[in-house]
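Below is one structure, written out as structure tokens; the observations come after it.
Residue numbers (this note's numbering): 1201 to 1375.
This is the structure in structure tokens:
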């Protein structure tokens, strides 16, 4: 992993050759969960959040939620999802205690519906189970009560994730 030094001594990690780091917190900045902090990454994509082809490339801006150990193995999973064209629905991803969480917007979650969501969940499971150290995976929405990405009060987690989403306009954006 490369570290970029910005003006005034600010550093930013380069986690992957396929994603640009837009924001990077390398340690906790508050008291949510057990050391929760986040980074925002950007990828060029050719599919929308429902995985339909786009006429022109777009940016996918997504957050990675880190816990106290800042386990960068999550980047391998994100890259595998990217290569399999499964990343575009994601707005937030993370790993905590051997479980991978992929969070989509409420609109995407509703559009996916039952069967399509089950197929997507299965594809994510296949990737996380193929790792040397397999992880359980969950696909959920930002307002779901079943988010294992942070261990804290559900209302606090929802507010934190919604704030990151709003501040960074996470999701598919035009180039």
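Every residue, glycine too, gets a C-beta built ideally from N, C-alpha and C.
From a predicted model like this one, the values you see are computed outputs, not experimental measurements.
State the DSSP-derived secondary structure class of residue i, mapped to helix, strand or coil.
{"i": "residue 1260", "result": "strand"}
{"i": "residue 1222", "result": "strand"}
{"i": "residue 1232", "result": "coil"}
{"i": "residue 1250", "result": "coil"}
If you follow the alpha helix (DSSP H) that residue i is part of, which residue opens it and which one closes it?
{"i": "residue 1357", "result": "1354-1368"}
{"i": "residue 1268", "result": "Taken as a continuous stretch (DSSP letters only), residue 1268 belongs to no alpha helix (DSSP H), as it is neither H nor E."}
With a threshold of 6 angstroms on Cβ separation, who are the neighbours of residue i within its own chain once the five nearest residues in sequence on each side are excluded?
{"i": "residue 1242", "result": "1220, 1222, 1259, 1261"}
Could you tell me the distance, in whole angstroms, from the CA atom of residue i to the CA atom of residue j?
{"i": "residue 1234", "j": "residue 1350", "result": "8 angstroms"}
{"i": "residue 1363", "j": "residue 1356", "result": "11 angstroms"}
{"i": "residue 1352", "j": "residue 1329", "result": "26 angstroms"}
{"i": "residue 1365", "j": "residue 1289", "result": "13 angstroms"}
{"i": "residue 1246", "j": "residue 1283", "result": "12 angstroms"}
Assuming residue i is part of the beta strand (DSSP E), what are its boundary residues?
{"i": "residue 1242", "result": "1237-1247"}
{"i": "residue 1372", "result": "1371-1374"}
{"i": "residue 1211", "result": "1211-1214"}
Looking only at its chain, what residues have a beta carbon closer than 7 angstroms to the beta carbon of residue i, apart from the 5 residues adjacent to it on each side?
{"i": "residue 1374", "result": "1258"}
{"i": "residue 1327", "result": "1277, 1280, 1281, 1284"}
{"i": "residue 1238", "result": "1225, 1263, 1264, 1265, 1266, 1364"}
Kindly examine the ligand FAD and report whether one of its heavy atoms sits closer than 7 angstroms to the Cβ of residue i.
{"i": "residue 1362", "result": "Annotation note on the ligand FAD: not contained in the displayed structure, which lists no ligands."}
In chain order, which alpha helix (DSSP H) runs of at least 4 residues are fully inside the region 1292-1355?
-> Whole alpha helix (DSSP H) segments, 4+ residues: 1306-1329.
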